[in-house]
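A.B. asks: One structure, pasted below without further comment.
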Ligand code: ARG
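Rendered as structure tokens:
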């Protein structure tokens, strides 16, 4: 085969036959990495600016290259740019288009860099923007949670352990637990961003470059905190992407837990809340059904995000320094993780503030299941009984209640006194749901006063 048949490839020089058609398709990434075009062009503009500033390119060459790159960006955004699989990836597609557009000067853009530092720079720029947008979305969900919680401070529901009725809690208190989970997810994303925001540019293929480049300048032009300290590390590691997927996995864990509760609460058996019709779907056979599809899907989508985390960990594992083509496989898991969490957060931001609490049903459920048993035990302790003895007494009282189908507050004083002479008339305040909530009046507790303070803190944080 003649060498001519490989001239479309920027690296075609040393090859004497064209790439196998299957191999071309197998090794290409343009179909999924073209979404990096904007950051790729931004990185190239910063690189060209620096080359001109350092007299590695003339001012005219630099200006011509930058103008050409901007025009290409416009063409891509107008949907008239033609992507070619034979040009492998987003980088070579854009570079080839540049040379077609401005002539041989375009071939100078790649001076002092490699696709290895280029792609590492692109992913970091892309991920940095994505993290900022994910953080905004987390904030939206947190706002939705607080706005719902504000109306539900006095709404009492059973708190559960083992999904068995445990103690009465304010519905707002439960919602604020979700808020806290998301707050940690927010902080994890912010923390991950610090390690993303470091510039690989200038590391070139792996060892740096023989040209007098200014890595501080390109880092600054691209808004990075600093240039990466080691060129081998800069082109090879994708730990920042793994870290992002780990933070995303925990976020999905949290959203799956919220989803699960929404699914349980909307069931006919619980009937604690109502999701708006627009977030549910029906059944093609059972006319009565209103299925909580959105939370179920969010719950289900956690699986693919965990999968992507494991994929990236496995991708990186045992890779020798420096760049290996394996790393091209970082993009699809990363992009899908991003798309998935963005969609899930969007669904939650819209859905949560639209939840309606069925307060009466929540209250009825709390009045069953001996949710104030701990309050009775604490009462006996205050009267001087040791907690373990009080636990025993209340256990017997509950057994009686089960037998008689009576909750504690439904028993007469005489019935209660059969179990302990310490019990007096004031017990009925203690056994009321409001009494139980109000008693837990300390930081982090479910007393309405504390829940109101927690809402205020949450709102301050969201300012
Ligand atoms: N498409 C490649 C990737 O995503 C770009 C870097 C290619 N570098 C190389 N030496 N083949 O990793």
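In the working numbering, the protein residues as written are 105 to 567. Positions of the beta carbon are idealized from the N, C-alpha and C atoms, including for glycine. Everything numeric in this text was worked out from a predicted model, so none of it was measured.
On the CB-based measure, 16 or more other CB atoms within 10 Å of its CB, does residue 475 come out buried or exposed?
C.D. replies: Here residue 475 refers to the residue found at position 371 of the chain shown. Buried, by the Cβ-count rule.
A.B. asks: Determine, using beta-carbon pairs with one atom in the region 326-335 and one in the region 247-267, whether at least three such pairs fall under 8 Å.
C.D. replies: no
A.B. asks: Work out the CA separation of residue 319 and residue 140 for me, nearest whole Å.
C.D. replies: As a working note, residue 140 is residue 36 in the chain shown. As a working note, residue 319 is residue 215 in the chain shown. Taking the CA atoms as reference points, residue 140 sits about 21 Å from residue 319.
A.B. asks: Measure the Cβ-Cβ separation of residue 497 and residue 524 and say whether it is below 8 Å.
C.D. replies: Looking up residue 497 in the chain shown gives position 393. Looking up residue 524 in the chain shown gives position 420. Contact flag set, yes.
A.B. asks: The ligand ARG and residue 300: does the residue's C-beta get closer than 7 Å to at least one heavy atom of that ligand?
C.D. replies: On the chain shown, position 196 is the one that residue 300 refers to. Not so, every heavy atom of the ligand ARG lies at least 7 Å from the Cβ.
A.B. asks: Would you check if the distance between the CB atom of residue 448 and the CB atom of residue 502 is smaller than 8 Å?
C.D. replies: Counting from one through the chain shown, the residue named residue 448 turns up at place 344. Counting from one through the chain shown, the residue named residue 502 turns up at place 398. No, the Cβ-Cβ distance between residue 448 and residue 502 is not below 8 Å.
A.B. asks: Need the endpoints of the alpha helix (DSSP H) that residue 275 sits in, please.
C.D. replies: By one-based count along the chain shown, residue 275 stands at place 171. According to the DSSP assignment, residue 275 belongs to the alpha helix (DSSP H) that extends over 275-300.
A.B. asks: Using C-beta distances below 7 Å, list every residue in its chain close to residue 188, excluding the 5 sequence neighbours before and after it, in chain order.
C.D. replies: What you label residue 188 is simply residue 84 of the chain shown in a count that begins at 1. Only 197 meet the Cβ criterion.
A.B. asks: In this structure, how does DSSP classify residue 200 when only helix, strand and coil are distinguished?
C.D. replies: Working through the chain shown from its first residue, we reach residue 200 at position 96. Helix at residue 200.
A.B. asks: Within the region 367-447, note down every full alpha helix (DSSP H) run reaching 4 residues or more, in order along the chain.
C.D. replies: 397-420
A.B. asks: How long is the line joining the alpha carbons of residue 154 and residue 550, rounded to whole angstroms?
C.D. replies: Looking up residue 154 in the chain shown gives position 50. Looking up residue 550 in the chain shown gives position 446. Distance between the alpha carbons of residue 154 and residue 550 is about 58 Å.
A.B. asks: If the criterion is Cβ atoms closer than 8 Å, does the pair residue 241 and residue 450 meet it?
C.D. replies: In the chain shown, the residue the question calls residue 241 occupies position 137. In the chain shown, the residue the question calls residue 450 occupies position 346. In contact: residue 241 and residue 450 (Cβ atoms closer than 8 Å).
A.B. asks: Between 191, 398, 362 and 143, which has its C-alpha nearest residue 382's C-alpha?
C.D. replies: Here residue 382 refers to the residue found at position 278 of the chain shown. Of the candidates 191, 398, 362 and 143, the one whose C-alpha sits nearest the C-alpha of residue 382 is 398.
A.B. asks: Using CA atoms only, rank isn't needed, just tell me which of 347, 471, 309 and 184 is closest to residue 509.
C.D. replies: Counting from 1 along the chain shown, the entry for residue 509 is found at position 405. Nearest C-alpha to residue 509: 471.
A.B. asks: From this set, 181, 428, 427 and 433, which residue's C-alpha is nearest residue 416's C-alpha?
C.D. replies: Taking the first residue of the chain shown as 1, we reach residue 416 at position 312. The candidate whose alpha carbon is nearest that of residue 416 is 433.
A.B. asks: Could you tell me which of 468, 515, 529 and 543 sits nearest to residue 269, measuring between CA atoms?
C.D. replies: Position 165 of the chain shown holds residue 269. With distances taken between Cα atoms, residue 269 lies closest to 468.
A.B. asks: Going along the chain, which residues of its own chain have a beta-carbon closer than 6 Å to the beta-carbon of residue 201, five neighbours each way excluded?
C.D. replies: Counted from its first residue, the chain shown places residue 201 at position 97. 176, listed in sequence order.
A.B. asks: Nearest-angstrom Cα distance between residue 105 and residue 123?
C.D. replies: Locating residue 105 in the chain shown gives position 1, where the first residue counts as 1. Locating residue 123 in the chain shown gives position 19, where the first residue counts as 1. Low confidence applies to residue 105: its pLDDT is 34, below 50, so where it sits in the model is not reliable, and the reading given next is rough at best. When rounded, the distance between both Cα atoms is 11 Å.
A.B. asks: Could you tell me which residues DSSP pairs with residue 260 in its beta bridges?
C.D. replies: Indexing the chain shown from 1 puts residue 260 at position 156. Answer by DSSP bridge pairing, in chain order: 274.
A.B. asks: Determine the contact status of residue 473 and residue 262, defining contact as a CB-CB distance below 8 Å.
C.D. replies: Here residue 473 refers to the residue found at position 369 of the chain shown. Here residue 262 refers to the residue found at position 158 of the chain shown. Going by C-beta atoms, residue 473 is nearer than 8 Å to residue 262.
A.B. asks: Taking Cβ to Cβ, would you say residue 239 is nearer than 8 Å to residue 293?
C.D. replies: For this step, residue 239 is matched to residue 135 along the chain shown. For this step, residue 293 is matched to residue 189 along the chain shown. Yes.
A.B. asks: Count the other CB atoms, across all protein chains shown, that sit within 10 Å of the CB of residue 435; report buried if there are 16 or more and exposed otherwise.
C.D. replies: Start at 1 with the first residue of the chain shown, and residue 435 comes out as number 331. Buried.
A.B. asks: Can the beta-carbon of residue 413 be found less than 8 Å from the beta-carbon of residue 350?
C.D. replies: By 1-based counting over the chain shown, the position of residue 413 is 309. By 1-based counting over the chain shown, the position of residue 350 is 246. Yes, Cβ-Cβ distance for residue 413 and residue 350 is below 8 Å.
A.B. asks: According to DSSP, residue 331 sits in a beta bridge with which residue or residues?
C.D. replies: Counting from one through the chain shown, the residue named residue 331 turns up at place 227. In the DSSP output, where bridge partners are listed per residue, residue 331 has 303.
A.B. asks: Please classify residue 316: is it buried, with 16 or more other beta-carbons within 10 angstroms of its beta-carbon, or exposed?
C.D. replies: Working through the chain shown from its first residue, we reach residue 316 at position 212. Result: exposed.
A.B. asks: If we call anything under 8 Å between Cβ atoms a contact, is residue 280 one with residue 457?
C.D. replies: Locating residue 280 in the chain shown gives position 176, where the first residue counts as 1. Locating residue 457 in the chain shown gives position 353, where the first residue counts as 1. No, they are not a contact pair.
A.B. asks: Confirm the yes/no value for this check: CB of residue 330, any heavy atom of the ligand ARG, distance under 7 Å.
C.D. replies: Within the chain shown, residue 330 is the residue found at index 226, counting from 1. Not so, every heavy atom of the ligand ARG lies at least 7 Å from the Cβ.
A.B. asks: Any chance the CB of residue 429 is under 7 Å from a heavy atom of the ligand ARG?
C.D. replies: Here residue 429 corresponds to residue number 325 of the chain shown, with the count starting at 1. Yes, Cβ of residue 429 sits closer than 7 Å to a heavy atom of the ligand ARG.
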